[in-house]
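Asks:
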Amino acid sequence: MTKAKIIGTGSCLPPKVVTNDDLAKLVETSDAWIRERTGILERRVSDAATATSDLALAATEKALKAAKTDPAEIELVIVCTTTPDMLFPSVGCILQDKLKMVNAAAFDLSAACSGFNFGLSTAASFIETGKCKKALLVGADTLTKYLDWTDRGTCILFGDGAGAVILGSAEKEEGVLASLIMSEGHLGSVLTMPGGGSRDPEQKNGRFIRMNGREVFKFAVRVLESSVRKVLEMAGKAPSDIDLLVPHQANIRIIDHVSKKMGLPKEKVYVNLQKYGNTSAASVPIALDEALAEGRIKSGDLIVLSGFGAGLTYGANLIKW
Ligand code: UT7
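Just so it is clear: in the sequence shown, position 190 is 193 by this note's numbering, and no numbers are missing.
Here is the structure:
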């Protein structure tokens, strides 16, 4: 069967940097606490005039260039986001229009911080079944617009950004070798953004992220390890076969704990959360783009991408580069 292969990547971060010391002026926290408990040193925050599609557009332009792909070749656009510009049209359709991807079906996918892994699994299926030849997959979020800047349990964690990949068909046994996506809806209440949906269109319950950090942490540690192990098993591989793990960038303690349990040395785990915090659906494609630019991935390497987040949801993809 045809496999789906990433043929170009791109990313975009808004220029404004907010440091831990900046946050310590807003809430009762400190640079030392945030560093020690999360690993985050600073994050990027978009300005009022910038919406998710603006970041997605810049990331996509870079990915199209890297993939030497004309927008008209794209037959599928999936934008993974929980912070769309508006309820509709989708960010996917806004991007389609801006880039004149006239031969594409475009839609948004909502799986929060797992979004990119859900999107990769979905887009890969379209390519594997021959429904399309080239797809654009974007993870883009501007969660800082939905933060309660008086809640130290959430406002220190998140940042804005976008990452994009172009998927094409692989000729040989390479590309996405195995995919796993899963949801645990019964745990949904531990991470929510209740305002603004049809249950509360006037946002009487607030328009901010609400999170039980400890519960999300326990979930993340459990599913990050289990999903990476499962996706490896699906392809008959072992943790020692991994060349680079690119996990969702939420908290260094989650990543370190799981890497240690799986026997993965630091050089086999990509981390950039110190610069950007948790950029939700954008974190994995931004990390992938930077890992490539830094020469951390070479042809033939075995890469695992993994994510977890609201829903609760989680997913992992095993890629032979
Ligand atoms: O993509 C998924 C998105 N979410 C996540 O990945 C979040 C996963 N969870 C986490 O990353 C961590 O749970 C947090 C970083 C959110 C919190 O770290 P923690 O080590 O679990 O802290 P905690 O909630 O157990 O709180 C420990 C203490 C508490 O004080 P007391 O009750 O011991 O006096 C908190 O009030 O730390 C306090 N605290 C803070 N202190 C300074 C909580 N947030 C802060 C803060 N600065 N920002």
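Using N, Cα and C, we set each Cβ at its ideal position, and we do this for glycine too.
#1: Cβ of Asn275 less than 8 Å from any chain B Cβ?
#2: Under three-state DSSP, which class holds Leu242?
#3: Given this structure, state the Cα-to-Cα distance separating Gly310 from Phe119, to the nearest angstrom.
#4: In terms of residues, what are the limits of the alpha helix (DSSP H) holding Arg46?
#5: Given this structure, state the Cα-to-Cα distance separating Thr53 from Leu90, to the nearest angstrom.
#6: Out of Lys240, Ala284, Cys96, point me to the one whose CA is closest to Leu305's CA.
#7: Determine the contact status of Asp100 and Val94, defining contact as a CB-CB distance below 8 Å.
#8: Do Gly312 and Cys116 count as a contact pair if the criterion is CB distance below 8 Å?
#9: Please classify Arg217: is it buried, with 16 or more other beta-carbons within 10 angstroms of its beta-carbon, or exposed?
#10: Can you grab the Cα-Cα spacing for the pair Met327 / Ile81, in whole Å?
#11: Do Arg155 and the ligand UT7 come close, with the Cβ less than 7 Å from some heavy atom?
#12: Helix, strand or coil: which one does DSSP assign to Met214?
#13: Just the C-alpha distance for Gly162 and Tyr279, rounded to the nearest angstrom, thanks.
#14: Return helix, strand or coil for Thr55, following the three-state DSSP convention.
#15: Do Gly209 and Gly200 have their beta-carbon atoms positioned less than 8 Å apart in this structure?
#16: Where in the stretch 46-134 do unbroken runs of the alpha helix (DSSP H), each at least 4 residues long, occur, reported from the N-terminal end onward?
#17: Can you tell me whether Met185 is helix, strand or coil according to DSSP?
#18: When the distance is taken between beta carbons, is Thr195 closer than 8 Å to Thr145?
#19: From Val234 to Glu270, what does the alpha carbon distance come to, in whole angstroms?
#20: Any heavy atom of the ligand UT7 closer than 7 Å to the Cβ of Cys116?
#21: What residue range is occupied by the uninterrupted beta strand (DSSP E) comprising Asn320?
#22: Do the stretch 173-183 and the stretch 21-38 meet, that is, are 3 or more Cβ pairs less than 8 Å apart?
#23: Output the boundary residues of the alpha helix (DSSP H) element that contains Pro250.
#24: Give every residue of the same chain whose Cβ lies closer than 7 Å to the Cβ of Thr155, excluding the five residues on either side of it in the sequence, and list them in chain order.
#25: For the beta strand (DSSP E) holding Val168, just list the boundary residues, first then last.
#26: Tell me which residue opens and which closes the alpha helix (DSSP H) that Asp259 is part of.
#27: Do the stretch 56-64 and the stretch 7-19 make contact, defined as three or more Cβ pairs closer than 8 Å?
#28: Is Leu267 helix, strand or coil when you go by DSSP?
#29: In whole angstroms, what is the alpha-carbon distance linking Asn204 and Gly133?
#30: Taking 7 Å as the line, does the beta carbon of Phe119 fall inside it for any heavy atom of the ligand UT7?
Replies: The short version:
#1: Although the question refers to chain B, the structure presented lacks it and comprises just one protein chain.
#2: Working through the sequence shown from its first residue, we reach residue 242 at position 239. Note on identity: in this sequence residue 242 is Pro, with Leu being the wrong assignment. DSSP places Pro242 within a helical segment (H, G or I) once states are collapsed to three.
#3: Here residue 310 is taken as the residue at index 307 of the sequence shown, counted from 1. Here residue 119 is taken as the residue at index 116 of the sequence shown, counted from 1. Gly310 and Phe119: Cα-Cα distance of roughly 8 Å.
#4: Residue 46 sits at position 43 when you count from the first residue of the sequence shown. From DSSP, Arg46 is part of no alpha helix (DSSP H) but of the beta strand (DSSP E) over 45-47.
#5: The residue labelled residue 53 in the question sits at position 50 within the sequence shown. The residue labelled residue 90 in the question sits at position 87 within the sequence shown. Their Cα atoms are separated by approximately 16 Å.
#6: Counting from 1 along the sequence shown, the entry for residue 305 is found at position 302. If we check each option's Cα against that of Leu305, Lys240 comes out closest.
#7: Walking along the sequence shown from the start, residue 100 turns up at place 97. Walking along the sequence shown from the start, residue 94 turns up at place 91. Contact: no.
#8: Start at 1 with the first residue of the sequence shown, and residue 116 comes out as number 113. Start at 1 with the first residue of the sequence shown, and residue 312 comes out as number 309. Contact flag set, yes.
#9: Counting from 1 along the sequence shown, the entry for residue 217 is found at position 214. Arg217 is classed as exposed because its beta carbon has fewer than 16 other beta carbons within 10 Å across all chains shown.
#10: Absent from the model: residue 327. The displayed extent of the chain is 4 to 324, so no value can be given.
#11: The residue labelled residue 155 in the question sits at position 152 within the sequence shown. Within the chosen limit of 7 Å, the ligand UT7 reaches the beta carbon of Arg155 through at least one heavy atom.
#12: What you label residue 214 is simply residue 211 of the sequence shown in a count that begins at 1. Taken through DSSP and simplified to helix, strand or coil, Met214 comes out as strand.
#13: The residue you call residue 162 lines up with position 159 of the sequence shown. The residue you call residue 279 lines up with position 276 of the sequence shown. Distance between Gly162 and Tyr279, taken at the CA atoms: about 6 Å.
#14: If you number the sequence shown from 1, residue 55 lands on position 52. Helix at Thr55.
#15: Here residue 200 is taken as the residue at index 197 of the sequence shown, counted from 1. Here residue 209 is taken as the residue at index 206 of the sequence shown, counted from 1. It is not a contact, given that the beta carbons lie outside the stated cut-off.
#16: Taken in chain order, the complete alpha helix (DSSP H) segments of 4 or more residues contained in the stretch 46-134 are 55-69, 94-102, 118-131.
#17: Start at 1 with the first residue of the sequence shown, and residue 185 comes out as number 182. When DSSP states are grouped into helix, strand and coil, Met185 belongs to the strand group.
#18: Sequence index remark: in the sequence shown, residue 145 carries index 142 (1-based). Sequence index remark: in the sequence shown, residue 195 carries index 192 (1-based). It is not a contact, given that the beta carbons lie outside the stated cut-off.
#19: Residue 234 sits at position 231 when you count from the first residue of the sequence shown. Residue 270 sits at position 267 when you count from the first residue of the sequence shown. Cα to Cα, Val234 sits roughly 21 Å from Glu270.
#20: Looking up residue 116 in the sequence shown gives position 113. Under cutoff, so the answer is yes.
#21: The count along the sequence shown starts at 1 and reaches residue 320 at position 317. Start and end: 316-323.
#22: No, they do not touch.
#23: Within the sequence shown, the letter at position 247 stands for residue 250. Secondary structure note for Pro250: it is in no alpha helix (DSSP H), and the uninterrupted beta strand (DSSP E) holding it is 247-250.
#24: Position 152 of the sequence shown, counted from the start, is the residue given in the question as residue 155. Inspection of the sequence shows that residue 155 is occupied by Arg rather than by Thr. Within the same chain, Arg155 has close Cβ partners Val30, Glu31, Thr32.
#25: Your numbering for residue 168 matches position 165 in the sequence shown. For Val168, the uninterrupted beta strand (DSSP E) segment begins and ends at 163-173.
#26: On the sequence shown, residue 259 is found 256 positions in, with the first residue counted as 1. Here the alpha helix (DSSP H) through Asp259 covers 255-264.
#27: Three or more Cβ pairs closer than 8 Å define a contact, and the stretch 56-64 meets that threshold against the stretch 7-19.
#28: If you number the sequence shown from 1, residue 267 lands on position 264. Looking at Leu267 - three-state DSSP - the assignment turns out to be coil, as it is neither helix nor strand.
#29: Residue mapping note: residue 204 aligns to position 201 of the sequence shown, counting from 1. Residue mapping note: residue 133 aligns to position 130 of the sequence shown, counting from 1. A quick correction: the sequence has Pro, not Asn, at residue 204. A straight line joining the alpha-carbon of Pro204 with that of Gly133 spans about 40 Å.
#30: Here residue 119 refers to the residue found at position 116 of the sequence shown. Not one heavy atom of the ligand UT7 sits closer than 7 Å to the Cβ of Phe119.
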